[in-house]
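Trainee: Mind looking over this structure? Questions follow.
There are 2 protein chains.
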Amino acid sequence: MKVWELGEFGLIDLIAELVGKSSRDEFIMGIGDDASVWRADSAVQIGTTDVLIQDVHFTLDIASWRDLGWKALAINISDIAAMGGKPGYALVSLGLPPETELDSVVELYRGLMEIAATYDVEVCGGNVSRAPVVIINLSLIGESSENILTRSAALPGDQIAVTGYLGQSAAGLRALRSGLQFDDRTIAFFREAHFRPFPRVAEGRILVENGVKAAIDLSDGLAADLTHVCKASNVGAYVWVDRLPIHPLVKAAFTEESSGLAISGGEDYELLFTAKGEVIDRIKELISIPVTVIGEIVSDKPGQVTLYDEQGKVIDWALGGWDHFRR
Amino acid sequence: MKVWELGEFGLIDLIAELVGKSSRDEFIMGIGDDASVWRADSAVQIGTTDVLIQDVHFTLDIASWRDLGWKALAINISDIAAMGGKPGYALVSLGLPPETELDSVVELYRGLMEIAATYDVEVCGGNVSRAPVVIINLSLIGESSENILTRSAALPGDQIAVTGYLGQSAAGLRALRSGLQFDDRTIAFFREAHFRPFPRVAEGRILVENGVKAAIDLSDGLAADLTHVCKASNVGAYVWVDRLPIHPLVKAAFTEESSGLAISGGEDYELLFTAKGEVIDRIKELISIPVTVIGEIVSDKPGQVTLYDEQGKVIDWALGGWDHFRR
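Residue numbers (my numbering), protein chains in the order written: chain G, 7 to 333; chain U, 7 to 333.
The following block contains the structure:
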């Protein structure tokens, strides 16, 4: 059955079923009225919005609808995590070609509800519309204490650390697109790395609780995102490329290119943060995933990231992060 | 200059300039970090999201970019108004073809900031992305007291009232598209009616303060939206078509069709509400725009709207409101 056969309001009813009833006390009203309503009892509200557009952010030949549901919410949760917040309420604005199969919408919402359950997010409303390609726009409202993580709080003398591994989402995309043969475990790893990021919410909150002030999530790629931090904080950054944490499966599959993927590949949705060395040592003990120091913040060359190889030589590196409009 | 020549991050800087600094005390952080942050001090938060997509919701031959900026926020403000809330914080997710002129983006944000200033909305963040067509997705967070207006609170015995005039947005679209000749005043009226709706925020709050419980904004068209109310409230509705408020300029331009436009034309962004007759009489005195009683809520035929002509005969009417997916 196609979306156009059910019609807009039938589709909304179906989505309401897929989302189900809320059991949350602060939640007052969701799908089925002009807007969604909830009670806010925290100090501070955090809002973000991000979109997945067909043939810009994904292609339907390698993405499954279920993965898209997961990822569309994940990229928004990651922004809340990068502020040190806790995600709360999601609004879904869905653009669909009328020929879209209803089963695809059901799968999309399965993926969405899976990650919503994992991160305790309420999918509380939205909008459906006809569109020339698939457009999945999510907005997410979260909350926090008064202390938040910002891009503009990095200080000279801070060390630069990242959670998890770098470059594996870009490696995953390349592997899935290349048609190269990998064993099943590697393919599953790459699919998960690219389509099922786990935003670092718990880790972001540990950062805040331990006095960290500066963080960003790695969506455009390490070099581009660290440049955002340097510009916002008016500081420079030195990065030791041989210290970048790269997963063994990425190293095995992309030996030569793996450093480049770690530097420029986006969409890892790990956290990059800066703090004094002793703070990072404490945090390493509190966070269960790897935390790796990859460089330091300096007052030199404000707004710029300088990359060093293992011999201490500067790597000539042209900005390779994702820019939506550059050719 | 084109968007691709400036690049994604140059575009974000430009948007930050166009939006400017906030002077609001509760506002903590806007464009330039992973997410936006503000303080919530009201009883209840209200969230909504809505989108304008090129060649679905508008065509660039008759819409100006400035009008699109106004309208994209207006349709979201109207949803908050229909809950009896006050709009607060807007997140803009913008999809643009790389060939888009920067001047167009500047005009878009002018329109957006115009309506934001009119309704005291903080444009506090968002996202830009490459897209095959222009996509303007807004999410809006508002607030309210504990009392809100819902679609599900209409009761048999209530009268049905609407603010303002009906059918003028659809009439406007038809006039602008038709190439028919109208005098300048009429053309200006139609352009404003279609592209510059004034959401009824103050009116929605007056409704709440005077004990009204049931309302919806007229976006899909009177018949379709009133059907939403009837379904959600499990009641029926009788509407007297000769009482529908139609602007003299619409009557003059579309004599025969004006009732049809008032019944099925969408995007008026007026409020429809139901309440006891004496409550509506009081509200008429408090609201400065016309408030017109157009029918009554009945227990008969739950979920259905029945239209009567001036002789009291049922008008055979097939659902003509906007459905995004129906052919």
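Positions of the beta carbon are idealized from the N, C-alpha and C atoms, including for glycine.
Computed from a predicted model, the values in this text were never measured in an experiment.
Can you list, in chain order, the stretches of the alpha helix (DSSP H) that have 4 or more residues and sit fully within the segment 194-221 of chain G?
Mentor: 207-215
Trainee: Does DSSP put E23 of chain G in a helix, a strand or coil?
Mentor: DSSP places E23 of chain G in helix when its eight states are reduced to three.
Trainee: Among U:D223, U:T261 and U:D39, which residue has its Cα nearest to the Cα of A159 of chain G?
Mentor: Nearest to A159 of chain G by alpha-carbon distance, out of U:D223, U:T261 and U:D39, is U:D39.
Trainee: Just the C-alpha distance for D61 of chain U and I286 of chain G, rounded to the nearest angstrom, thanks.
Mentor: 51 Å
Trainee: Residues of chain U with CB under 8 Å from S72 of chain G, in chain order?
Mentor: Going by the sequence as given, residue 72 of chain G is Arg instead of Ser. Near R72 of chain G there are no residues of chain U at all, since even the closest Cβ is about 22 Å away, more than 8 Å.
Trainee: DSSP state of Q174 of chain U, grouped into three classes?
Mentor: helix
Trainee: Going by C-alpha to C-alpha distance, which of G:I121, G:F188 and G:P104 sits closest to K8 of chain G?
Mentor: Nearest Cα to K8 of chain G within the set G:I121, G:F188 and G:P104: G:P104.
Trainee: Would you say T312 of chain G lies against chain U (beta-carbon separation less than 8 Å)?
Mentor: no
Trainee: With 8 Å as the limit, tell me which residues of the segment 42-58 of chain G have their beta carbon closer than that to any beta carbon of chain U; keep them in chain order.
Mentor: S42, V43, W44, R45, A46, S48, A49, V50, Q51, I52, G53, T54, T55, D56 and V57
Trainee: Going by C-alpha distance, which of U:R197, U:E302 and U:D223 is nearest I68 of chain U?
Mentor: U:R197
Trainee: What's the gap between the Cα of A2 of chain G and the Cα of R72 of chain G?
Mentor: With chain G covering only 7 through 333, there is no way to say anything about residue 2 of chain G.
Trainee: Quick check for students: name the residue ranges of the beta strand (DSSP E) that lie wholly in the segment 45-125 of chain U, counting only runs of 3 or more.
Mentor: 50-59 and 92-102
Trainee: Using a Cβ-Cβ cut-off of 8 Å, state whether T65 of chain U counts as contacting chain G.
Mentor: no
Trainee: Can you find a CB in chain C that lies within less than 8 Å of the CB of S99 of chain G?
Mentor: Of the chains in the structure shown, none is chain C; the protein chains are G and U.
Trainee: In whole angstroms, give me the CA-to-CA distance for R183 of chain G and A177 of chain G.
Mentor: A direct Cα-to-Cα measurement between R183 of chain G and A177 of chain G gives close to 10 Å.
Trainee: Using Cβ-Cβ distances below 9 Å, what residues of the segment 73-86 of chain U are close to chain G?
Mentor: N82, S84, D85 and I86
Trainee: At a CB-CB cut-off below 8 Å, which residues of chain G make contact with D164 of chain U?
Mentor: Those within 8 Å of D164 of chain U in chain G number zero; the least Cβ separation is about 17 Å.
Trainee: Hey, how far is the Cα of I269 of chain U from the Cα of D315 of chain U?
Mentor: Using only the alpha carbons, I get a separation of about 12 Å.
Trainee: With N133 of chain G and T55 of chain U assumed to form a contact (beta carbons below 8 Å), what rounded beta-carbon distance in angstroms separates them?
Mentor: Their Cβ separation, rounded to whole angstroms, is 5 Å, which keeps N133 of chain G and T55 of chain U in contact under 8 Å.
Trainee: For Q165 of chain U and G283 of chain U, which I take to be in contact (beta-carbon distance under 8 Å), what is that distance rounded to the nearest angstrom?
Mentor: 5 Å
Trainee: The beta strand (DSSP E) that contains V297 of chain G, what's its start and end?
Mentor: V297 to V304
Trainee: Measuring alpha carbon to alpha carbon, tell me which of G:E152, G:M89 and G:I59 ends up nearest A78 of chain G.
Mentor: G:I59
Trainee: Here's the rule: buried if 16 or more other CB atoms are within 10 angstroms of the residue's CB, otherwise exposed. What is R191 of chain G?
Mentor: Exposed, because fewer than 16 other Cβ atoms sit within 10 Å of the Cβ of R191 of chain G.
Trainee: Suppose contacts are defined by Cβ-Cβ distances below 8 Å. Is I154 of chain G in contact with V218 of chain G by that definition?
Mentor: no
Trainee: Which residues in chain G sit within 8 Å of T156 of chain U, going by Cβ to Cβ distance?
Mentor: Residues of chain G passing the Cβ test: M35 and D39.
Trainee: Kindly indicate if chain U contains any beta-carbon less than 8 Å away from that of A238 of chain G.
Mentor: yes
Trainee: Flag this pair as yes or no: are the beta carbons of G148 of chain U and G75 of chain U separated by less than 8 Å?
Mentor: no
Trainee: Going by DSSP, what residues sit across from Q165 of chain G in a beta bridge?
Mentor: G:A281 and G:E302
Trainee: Please confirm whether Y95 of chain G has its beta-carbon closer than 8 Å to some beta-carbon of chain U.
Mentor: It does: the Cβ of Y95 of chain G has a partner Cβ on chain U nearer than 8 Å.
Trainee: Can you tell me whether I293 of chain G sits near the ligand ZN, meaning its C-beta is under 7 Å from at least one heavy atom of the ligand?
Mentor: The ligand ZN is not part of the structure shown, which contains no ligands of any sort.
Trainee: Measure from the alpha carbon of I52 of chain U to the alpha carbon of each residue in U:E262, U:T156, U:S150 and U:G16, then state which is nearest.
Mentor: U:S150
Trainee: By the DSSP assignment, the alpha helix (DSSP H) with I154 of chain G in it spans what residues?
Mentor: Careful: I154 of chain G lies outside any alpha helix (DSSP H) and carries neither H nor E.
Trainee: Under 8 Å, Cβ to Cβ, is there at least one residue of chain G near S135 of chain U?
Mentor: yes
Trainee: Got a sec: is the Cβ-Cβ distance from D223 of chain G to anything in chain U below 8 Å?
Mentor: yes
Trainee: Assuming T298 of chain G and Y244 of chain G are in contact, meaning their beta carbons sit under 8 Å apart, how far apart are those beta carbons, in whole angstroms?
Mentor: For T298 of chain G against Y244 of chain G, the beta-carbon gap comes to about 15 Å, at or over 8 Å, which does not count as contact.
Trainee: How many Å lie between E302 of chain U and L161 of chain U at the Cα?
Mentor: 9 Å
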